[in-house]
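Chains as they are written, first to last, in our numbering: chain A, 1 to 183; chain B, 184 to 395; chain C, 396 to 620. No residue lacks a Cβ here, since even glycine has one placed at the ideal position from N, Cα and C. As the structure is a prediction and not an experimental result, all values here were calculated from the model. Step one of this worksheet: look at the structure below.
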C-alpha cells in the first residue's frame with residue numbers, strides 16, 4: 001500500500017479538487033509546523049500564529065481552484081499566510097498594540113546556567129522585532145530564523161535580492177537602536 | 184544620532200563576509216552584531232494538534248456548503264468550482280493521470296458525505312483537449328444543448344473543466360469540441376449512442392456522482 | 396433555500412423530473428429535429444405508450460440525435476431500436492418475476508441491453524435482485540461494468556457473488572469505480588473484475604457456506620482461482 005508521503009502536493013491538490021476533501025488533511029499536516037515558526041515570529045504569539053495558520057489553511061482550501069500550479073502549493077499557501085500575517089500586523093499597529101506579548105512567544109529556558117540571560121536577550125529581540133515594519137520583520141525571520149538564502153526569500157516574496165538586502169540592513173540598524181534602548 | 188552598523192558588518196550578518204574579513208577596528212562591532220542576531224529564538228515551533236482538527240472541521244463545512252459554491256459559480260460562471268463527492272473518474276485520461284488517480288485512491292478512501300440538498304449533486308467534468316478552442320458538455324441533463332454548459336480552461340494547459348448541478352438519476356453525456364466533434368469522456372464508461380458514436384454515463388445519487 | 400435550488404436547477408436546464416407525465420412529443424421536439432423525425436417519433440411514442448413503455452427516453456434519444464446533427468433516418472432508427480430494447484427489457488424482467496417494472500427499471504434494462512447484456516442476463520439479474528436490491532440499480536451496475544469492458548458473464552458473476560454474500564447496494568454501486576482502479580493499475584477490465592471477485596464476492600460467498608468458527612471468524616476453504 002502506497003503511503004501518503006509518497007503522494008506529491010500536486011496530486012493531493014488535484015484529488016481535493018476532484019472531490020476528496022479529506023485528502024486536504026495531508027497538506028494541513030505537512031505545512032502546519034513548517035510555517036508555524038514563521039507565523040509565531042511574525043506575529044509574536046502562539047495563539048495569534050495558530051489563528052493565522054488556521055485562517056490561511058482554510059482560505060487556501062476555499063481558493064484551491066485558483067492554485068495555478070498545484071505542485072507549488074507550498075509557495076502559494078505561504079503567500080496566503082504571509083498576507084494574513086501582514087494584515088494582522090497592520091491591525092496591531094492601527095490599534096496601537098505594543099508587542100509585549102511577543103515576549104511570551106519566546107521559548108522558556110530549560111536550564112538555568114546562561115539560559116536565563118539568553119532567554120532575556122531573546123525576549124528583548126522579540127520585542128524589537130515587533131517594532132520593525134512587517135517587511136523588515138519578515139526578511140529577518142526568513143533569513144535568520146528559517147535560515148533561507150536571499151535568493152530563496154526573493155523567490156518566495158517576489159522582492160529582488162537587492163531590495164531585500166536594503167530592507168534587512170535597515171532592520172539591522174533599527175534592531176541595534178532598539179536593543180540599546182532596552183538596556 | 185544612533186550610529187548605524189558599518190556596511191561590512193551588515194554584510195557579515197548577511198553571510199557575505201566572515202569575521203576574519205573585517206578590519207581590526209570593526210571586529211568588536213562585528214561581534215556585537217553577531218551576538219544580536221544570535222539572540223533570536225530559532226527553536227522550532229509546534230502548534231497544538233487541535234489546529235488540524237479545527238482546520239478540517241472548517242474545510243468540511245465549507246465543502247458541504249453547496250449554496251456558497253453555487254453562488255460563486257453563478258456569480259462568476261467562468262470560475263471553476265470543484266467541491267463534490269465524486270470518485271475520481273472525472274480525471275483526464277492518460278497514464279500520468281491514471282497514476283495520480285491510483286496514488287490518490289490508495290492513499291485514502293473518500294468518506295461518504297450526504298448531500299445537504301437531496302435531489303441535486305455537483306458533478307465536475309474534465310477533458311484534456313489541448314488543441315481545442317472551445318469545449319462543451321452536452322447530455323441528457325441539458326437536452327444535449329452544447330450551448331448550455333461550456334467548459335473553461337483550467338489552471339493546467341490543455342485542460343478544460345466545468346461543474347454542473349445535476350439532478351439525481353442516471354445521465355448520458357458527451358463532450359463537444361469546437362462545436363462539431365462529439366467525443367465520449369475518456370475516463371468514464373461508454374455506451375453505444377445508437378448513432379454510431381459513444382456516450383459517457385454518470386449516475387448521480389444523493390451521495391454525489393458515481394461511475395455508473 | 397428551496398427556491399434558490401429551484402432557480403439553479405432551471406438555470407442549468409435540468410431534465411424533467413421522473414414521474415411527471417411526458418409532455419406532448421411534438422412540442423418537445425419542435426425546433427430540435429426535422430419535422431419528419433418529429434412525426435415518426437410521435438408515432439413510435441404513441442405505440443410505446445399504448446404498450447405501457449416509458450416515452451421519455453425516446454424523446455431524449457430524438458433530441459440527442461437532432462443535437463448531434465445525425466441524419467433523420469438514423470435518428471428514427473435509433474429511436475425505434477430504443478423502443479424495441481425497452482420492450483425486450485420488459486419481457487426479460489417479467490420472466491424474472493417482476494411483473495410491473497418501473498420506468499426507471501425498464502430504462503436500466505434497455506441501457507443494459509445497449510451496453511451488451513443479453514436478454515437472458517437481464518432476466519438473471521432481475522431474479523437475483525431481491526427486495527434489498529433495486530433491479531434498476533443492479534442492471535445499471537451490470538451495464539456499466541459491461542461498458543467498461545468487463546465481459547458480461549464475468550460482471551454478472553461478480554455481482555451475483557456479492558449479492559449472495561450480502562453486500563449492500565452501496566457496495567455494488569462502487570464496483571465500476573473499483574474496476575477502474577484496477578484498470579488504472581494496468582489490469583484489463585476482466586482481470587480487474589476477477590480480482591474483485593476473488594477479494595470480495597467469491598471468498599465471502601464461499602465463506603458463507605462454511606461454518607464460522609467459535610471466534611466468529613470466517614473459516615473454511617479459500618476459493619481456488
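Test item: CB-CB of residue i and residue j under 8 Å
| i | j | result |
| --- | --- | --- |
| residue 332 of chain B | residue 321 of chain B | yes |
| residue 575 of chain C | residue 551 of chain C | no |
| residue 145 of chain A | residue 218 of chain B | no |
| residue 18 of chain A | residue 243 of chain B | no |
| residue 588 of chain C | residue 535 of chain C | no |
| residue 460 of chain C | residue 378 of chain B | yes |
| residue 179 of chain A | residue 124 of chain A | yes |
| residue 139 of chain A | residue 87 of chain A | no |
| residue 684 of chain C | residue 449 of chain C | As shown, chain C starts at 396 and ends at 620. That puts residue 684 of chain C outside it, with no answer to give. |
| residue 505 of chain C | residue 473 of chain C | no |
| residue 41 of chain A | residue 141 of chain A | yes |
| residue 539 of chain C | residue 372 of chain B | yes |
| residue 9 of chain A | residue 71 of chain A | yes |
| residue 358 of chain C | residue 343 of chain B | The question about residue 358 of chain C has no answer, for chain C in this structure spans 396 to 620. |
| residue 471 of chain C | residue 435 of chain C | yes |
| residue 126 of chain A | residue 44 of chain A | yes |
| residue 52 of chain A | residue 81 of chain A | yes |
| residue 129 of chain B | residue 542 of chain C | No answer is possible for residue 129 of chain B: the residues shown for chain B start at 184 and end at 395. |
| residue 509 of chain C | residue 374 of chain B | yes |
| residue 511 of chain C | residue 547 of chain C | yes |
| residue 187 of chain A | residue 338 of chain B | This structure cannot speak to residue 187 of chain A, because chain A is shown only from 1 to 183. |
| residue 437 of chain C | residue 420 of chain C | yes |
| residue 235 of chain B | residue 154 of chain A | no |
| residue 432 of chain C | residue 467 of chain C | yes |
| residue 487 of chain C | residue 545 of chain C | no |
| residue 454 of chain C | residue 424 of chain C | yes |
| residue 35 of chain A | residue 73 of chain A | no |
| residue 56 of chain A | residue 84 of chain A | yes |
| residue 200 of chain B | residue 210 of chain B | no |
Chain A residues whose Cβ lies nearer than 9 Å to that of residue i
| i | result |
| --- | --- |
| residue 385 of chain B | Per Cβ cutoff of 9 Å: no residues; residue 385 of chain B is ~13 Å from chain A at best. |
| residue 231 of chain B | 46 and 50 |
Bridge partner(s) assigned by DSSP for residue i
| i | result |
| --- | --- |
| residue 124 of chain B | Because residue 124 of chain B is not part of the residues shown, which for chain B are 184 to 395, the question remains open. |
| residue 311 of chain B | B/342 |
| residue 547 of chain C | Looking at the DSSP assignment, residue 547 of chain C forms no beta bridge with any residue, so it has no partner. |
| residue 305 of chain B | B/348 |
| residue 158 of chain B | This structure leaves residue 158 of chain B out entirely; chain B is present only between 184 and 395. |
| residue 366 of chain B | B/358 |
| residue 402 of chain B | Absent from the structure is residue 402 of chain B, since the part of chain B shown begins at 184 and ends at 395. |
Cross-chain neighbours of residue i in chain B, by beta carbon under 9 Å
| i | result |
| --- | --- |
| residue 439 of chain C | Going along chain B, no residue has its Cβ under 9 Å from residue 439 of chain C, so there is no contact; the nearest lies around 13 Å. |
| residue 136 of chain A | Going along chain B, no residue has its Cβ under 9 Å from residue 136 of chain A, so there is no contact; the nearest lies around 13 Å. |
| residue 509 of chain C | 374, 375, 376 and 377 |
| residue 506 of chain C | 353, 355, 374 and 384 |
| residue 443 of chain C | Under the 9 Å cutoff, chain B gives no residues; its nearest Cβ is about 15 Å from residue 443 of chain C. |
| residue 479 of chain C | Within chain B, no residue comes near residue 479 of chain C; the closest Cβ sits about 11 Å away, beyond 9 Å. |
Beta-carbon neighbours of residue i, restricted to chain C and to distances below 7 Å
| i | result |
| --- | --- |
| residue 373 of chain B | 542 |
| residue 407 of chain B | Residue 407 of chain B falls outside the range modelled here, since chain B spans only 184 to 395, and no answer is possible. |
Interface partners of residue i on chain A, CB under 7 Å
| i | result |
| --- | --- |
| residue 313 of chain B | Those do not exist, as residue 313 of chain B stays about 17 Å from chain A at its closest Cβ, beyond 7 Å. |
| residue 414 of chain B | Here chain B covers residues 184 to 395 and nothing more, so residue 414 of chain B does not appear. |
Chain-ordered neighbours of residue i on chain B, where CB pairs are closer than 8 Å
| i | result |
| --- | --- |
| residue 30 of chain A | Simply none; closest approach about 11 Å. |
| residue 588 of chain C | Under the 8 Å cutoff, chain B gives no residues; its nearest Cβ is about 13 Å from residue 588 of chain C. |
| residue 92 of chain A | The premise fails here: residue 92 of chain A is roughly 19 Å from chain B at the closest Cβ pair, so nothing lies under 8 Å. |
| residue 43 of chain A | Within chain B, no residue comes near residue 43 of chain A; the closest Cβ sits about 11 Å away, beyond 8 Å. |
| residue 118 of chain A | 222 |
Contact list for residue i against chain C, beta-carbon separation under 9 Å
| i | result |
| --- | --- |
| residue 329 of chain B | 462 |
Test: residue i CB closer than 8 Å to a CB of chain E
| i | result |
| --- | --- |
| residue 77 of chain A | Reference to chain E is not applicable here, since the protein chains of this structure are A, B and C. |
Where residue i meets chain B, residues with beta-carbon distance less than 7 Å
| i | result |
| --- | --- |
| residue 465 of chain C | 378 |
Open item on the list: Going residue by residue through the region 470-541 of chain C, where are the continuous alpha helix (DSSP H) segments of at least 4 residues, counting only ones entirely within it?
Closed with: 498-509 and 514-523
Open item on the list: So, does the region 517-533 of chain C touch the region 496-508 of chain C, judging by three or more C-beta pairs under 8 Å?
Closed with: yes
Task: Contact between the region 486-493 of chain C and the region 353-368 of chain B (3+ Cβ pairs under 8 Å) - done: no
TODO: Enumerate, from N- to C-terminal direction, the unbroken alpha helix (DSSP H) stretches of 4 or more residues contained entirely within the region 187-231 of chain B.
DONE: 190-197 and 207-221
Open item on the list: Pairs of beta-carbons, one from the region 153-162 of chain A and one from the region 204-218 of chain B, closer than 8 Å: are there three or more?
Closed with: no
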